[in-house]
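Using my numbering, you'd call the opening residue of the sequence shown number 59 and step up by one each time.
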Amino acid sequence: MVVKVYSGRILGILSFSLFCCMMGVGVISPVLPLYAVKLGASGTLLGLIFSAFSISRMGCTLFSGSLADRINRKRLMMFGLSVYTISSLAYLFVDSAWHMVAIRFFNGMGSAFVVPIAMSIGSDVAEPGEEGHFFGSLQMALFAGIGAGPLISGLLTDWIGTQAPFLVMTAMTLLALMGIALWLPRSIPSSSITEDKGEMSAYRFLLSDKILLRVYAFQFATALGRGAMLMFVPLLATEMGLSFMEIGAVLSAVSISTALCQRTSGDMADRYPKNRLVLVGGVTSAFTMFILPQLGSFPLLLAGGVAFGLGSGMGSPSAASIASIRGKGFGSGRTMGLYNIFFGLGMIAGPLVAGYLRDMNIISSPFVPIGFIVLAMTCLFLKDSEFRSLDGGACGEGLCSRNR
Numbered sequence: 059m060v061v062k063v064y065s066g067r068i069l070g071i072l073s074f075s076l077f078c079c080m081m082g083v084g085v086i087s088p089v090l091p092l093y094a095v096k097l098g099a100s101g102t103l104l105g106l107i108f109s110a111f112s113i114s115r116m117g118c119t120l121f122s123g124s125l126a127d128r129i130n131r132k133r134l135m136m137f138g139l140s141v142y143t144i145s146s147l148a149y150l151f152v153d154s155a156w157h158m159v160a161i162r163f164f165n166g167m168g169s170a171f172v173v174p175i176a177m178s179i180g181s182d183v184a185e186p187g188e189e190g191h192f193f194g195s196l197q198m199a200l201f202a203g204i205g206a207g208p209l210i211s212g213l214l215t216d217w218i219g220t221q222a223p224f225l226v227m228t229a230m231t232l233l234a235l236m237g238i239a240l241w242l243p244r245s246i247p248s249s250s251i252t253e254d255k256g257e258m259s260a261y262r263f264l265l266s267d268k269i270l271l272r273v274y275a276f277q278f279a280t281a282l283g284r285g286a287m288l289m290f291v292p293l294l295a296t297e298m299g300l301s302f303m304e305i306g307a308v309l310s311a312v313s314i315s316t317a318l319c320q321r322t323s324g325d326m327a328d329r330y331p332k333n334r335l336v337l338v339g340g341v342t343s344a345f346t347m348f349i350l351p352q353l354g355s356f357p358l359l360l361a362g363g364v365a366f367g368l369g370s371g372m373g374s375p376s377a378a379s380i381a382s383i384r385g386k387g388f389g390s391g392r393t394m395g396l397y398n399i400f401f402g403l404g405m406i407a408g409p410l411v412a413g414y415l416r417d418m419n420i421i422s423s424p425f426v427p428i429g430f431i432v433l434a435m436t437c438l439f440l441k442d443s444e445f446r447s448l449d450g451g452a453c454g455e456g457l458c459s460r461n462r
């Protein structure tokens, strides 16, 4: 049993590092699509620039998740943050859109060894019955960093220039690296019950579990919406004549509103049916996607960003805690690795779909079909009986023993 003080210390360290790292990611989001277009990127190439990050992260997460179940996770996180920091410097020397694709690929590689491993650690050190609180707190720091980044980026770009956000990105990822190196314990106990079944066999077990498959499908759908918004909202806002500051504010609103309700919704996930919180969050996000094309002013677009963020913040801690509890018998690294892979798949598909439709001169259409996908995946959580054994932090009768 991991004592509460130890768990709280690790939560604080991981939260600090994720906040710094994700602020570095968020700070470039308002300027990246505009910078790429300036370098001659078409809509499809623009989608590839955004998707390269997720393609790389998805592929590397297959390895990082498995490694996290076998070797020192502190070293893995330090490796990922080192790759992230070095590749971030390269933005200052880019002179073509294709160079940006390569840089984003290495950014994604670094990310694969940061967020999934942090969640793997969280899955192992969170006390039974407090998974929602732990993941709510962890994801609050993550989304707060992502949300603060665009707001700072808007200010820096308006006042200094387009290269300033990339300097901030490098500095923040370096700060995250220092936090992990100095404060994260070298040895972190694992509470997962694993058996060496081989890589492909282990992932087949995970993907054959109906509960985990629903969580992964929901994660994919919400990421699909978020990916489309991150690439498309700056372009939509520019056509509306909004400033960099206003674009940054809209993007920040999505993640800050997500962050603000993470802790509360995480605590609720430990007391109330987790699937119902996923339902509320998913329906809210889907409805926002439906009305987004009609929001033709800065205040309305800002309100839409807040609504989407609140929906995401309501559902994600419950989804993460379901995955954490259900995946104890499979290995936390693999379970949470796949959780992040499906997020990556959504982030790949979202920008590519939006970019293709932009080339076809269809500016607002991606949001409505993506909204229907989010709604469909949310409906997978309608039956309370199928999720009841996961409430209150229990594995459920026979669940963990089934996977021993």
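Glycine is no exception: its CB is placed at the ideal position from the N, C-alpha and C atoms.
Considering only their Cβ atoms, is the gap separating ILE238 from MET394 smaller than 7 Å?
Mapped onto the sequence shown, residue 394 falls at position 336. Mapped onto the sequence shown, residue 238 falls at position 180. Result no, Cβ atoms of MET394 and ILE238 do not sit closer than 7 Å.
Given a cut-off of 7 Å, decide if ALA327 and LEU337 are closer than it, judged by their beta-carbon atoms.
Within the sequence shown, the letter at position 279 stands for residue 337. Within the sequence shown, the letter at position 269 stands for residue 327. No, these two residues do not count as a Cβ contact at 7 Å.
Would PHE466 and THR316 qualify as a contact pair, given that the criterion is a beta-carbon distance under 7 Å?
Given that the chain is displayed from residue 59 to residue 462, the structure contains no residue 466 and the question cannot be resolved.
Is SER370 buried or exposed, if buried means 16 or more other CB atoms sit within 10 Å of its CB?
Walking along the sequence shown from the start, residue 370 turns up at place 312. SER370 should be labelled buried.
Can you tell me which of ALA377, ASP216, ILE406 puts its alpha carbon nearest to the alpha carbon of ALA281?
Counting from one through the sequence shown, the residue named residue 281 turns up at place 223. Closest by alpha carbon: ILE406.
Quick check: the stretch 98-108 against the stretch 129-146, are at least 3 beta-carbon pairs closer than 8 Å?
In short, these stretches do not touch, since the Cβ pair count stays below three.
Can you list, in chain order, the residues of its chain whose CB lies under 8 Å from that of ILE86, leaving out five sequence neighbours each side?
Your numbering for residue 86 matches position 28 in the sequence shown. Here the set comprises TYR149, GLY207, SER211, PRO223, PHE224, MET227.
In whole angstroms, give me the CA-to-CA distance for MET303 and ALA365.
As a position in the sequence shown, residue 303 is number 245, starting the count at 1. As a position in the sequence shown, residue 365 is number 307, starting the count at 1. Each residue's Cα considered, the two are about 20 Å apart.
Just to confirm my understanding: we take ALA94, look at its own chain, exclude 5 residues before and 5 after, and list those with CB closer than 8 Å. What are they?
Within the sequence shown, residue 94 is the residue found at index 36, counting from 1. Contacts found: LEU103, LEU104, ILE107, ALA155, MET158.
Relative to the alpha-carbon of VAL411, which residue among LEU358, ALA295, GLY285, CYS437 has its alpha-carbon at the smallest distance?
The sequence position of residue 411 within the sequence shown is 353, counting from 1. If we check each option's Cα against that of VAL411, GLY285 comes out closest.
Does the count of Cβ pairs from the stretch 384-403 and the stretch 259-270 closer than 8 Å reach three?
Flag = yes, the stretch 384-403 and the stretch 259-270 touch.
Grab me the residues of GLY324's own chain with a C-beta within less than 7 Å of its C-beta, minus the 5 sequence neighbours each way, in chain order.
Numbered from 1 along the sequence shown, position 266 holds the residue referred to as residue 324. Excluding residues within five positions, the ones whose Cβ falls inside 7 Å are GLY190, HIS191, PHE193, GLY194, SER195, PRO375.
Taking DSSP as the reference, what is the three-state secondary structure of ARG392?
Residue mapping note: residue 392 aligns to position 334 of the sequence shown, counting from 1. Of the three classes helix, strand and coil, the one that applies to ARG392 here is helix, per DSSP.
Would you mind giving the Cβ-Cβ distance between MET289 and PRO409, rounded to the nearest angstrom? I have them listed as a contact below 8 Å.
Counted from its first residue, the sequence shown places residue 289 at position 231. Counted from its first residue, the sequence shown places residue 409 at position 351. Yes, MET289 and PRO409 are in contact; Cβ-Cβ is about 4 Å, under 8 Å.
Judging by CA-CA distance, which residue of PRO186, ILE204, LEU209 is the nearest neighbour of VAL464?
Only positions 59 to 462 of the chain appear in this structure, which leaves residue 464 out of reach.
Assess, as a yes-or-no matter, whether the stretch 343-357 is touched by the stretch 424-444 under the definition of 3 or more beta carbon pairs within less than 8 Å.
Taking 8 Å as the limit for Cβ pairs, the verdict is that the stretch 343-357 does touch the stretch 424-444.
Can you give the beta carbon distance from GLY187 to ILE113, rounded, assuming they're within the 8 Å contact cut?
The sequence position of residue 187 within the sequence shown is 129, counting from 1. The sequence position of residue 113 within the sequence shown is 55, counting from 1. 37 Å between Cβ atoms; not a contact.
SER379: buried (16+ other C-beta within 10 angstroms of its C-beta) or exposed?
Start at 1 with the first residue of the sequence shown, and residue 379 comes out as number 321. It is buried - the Cβ of SER379 has at least 16 other Cβ atoms within 10 Å.
Measuring CA to CA, which of ILE144, SER313, VAL273 is closest to ALA160?
Counted from its first residue, the sequence shown places residue 160 at position 102. Checked all of ILE144, SER313, VAL273; the closest Cα to ALA160 is ILE144.
Thinking ARG115 and SER169 are a contact (beta carbons under 8 Å), I'd like their distance in whole angstroms, please.
Taking the sequence shown and counting its residues from 1, one reaches residue 115 at position 57. Taking the sequence shown and counting its residues from 1, one reaches residue 169 at position 111. Yes, ARG115 and SER169 are in contact; Cβ-Cβ is about 5 Å, under 8 Å.
Only counting the same chain, and skipping five residues up and downstream in sequence, which positions put a Cβ closer than 6 Å to that of ALA260?
Looking up residue 260 in the sequence shown gives position 202. Excluding sequence neighbours, ALA260 sits near ARG392.
Would you check if the distance between the CB atom of VAL183 and the CB atom of CYS79 is smaller than 7 Å?
Residue mapping note: residue 183 aligns to position 125 of the sequence shown, counting from 1. Residue mapping note: residue 79 aligns to position 21 of the sequence shown, counting from 1. Result no, Cβ atoms of VAL183 and CYS79 do not sit closer than 7 Å.
Would you say VAL291 and VAL273 are within 7 Å of each other, going by their C-beta atoms?
Translated into the one-based positions of the sequence shown, residue 291 becomes position 233. Translated into the one-based positions of the sequence shown, residue 273 becomes position 215. It is not a contact, given that the beta carbons lie outside the stated cut-off.
Return yes when the Cβ of LEU350 is within less than 7 Å of the Cβ of GLY339, no when it is not.
Here residue 339 refers to the residue found at position 281 of the sequence shown. Here residue 350 refers to the residue found at position 292 of the sequence shown. Cβ distance not < 7 Å, so GLY339 and LEU350 don't count as in contact.
Is DSSP giving ALA154 helix, strand or coil here?
By 1-based counting over the sequence shown, the position of residue 154 is 96. It should be pointed out that residue 154 corresponds to Ser in this sequence rather than to Ala. Three-state DSSP puts SER154 in coil, outside helix and strand.
Could you name the residues of the same chain whose beta carbon sits closer than 6 Å to that of PHE401, not counting the 5 residues immediately before and after it, in chain order?
Counting from one through the sequence shown, the residue named residue 401 turns up at place 343. Within the same chain, PHE401 has close Cβ partners GLN277, ALA281.
Between which residues of its own chain and LEU438 is the CB-CB distance below 8 Å, once the five residues before and five after are set aside?
In the sequence shown, residue 438 corresponds to position 380, counting from 1. Here the set comprises ARG272, ALA275, PHE276.
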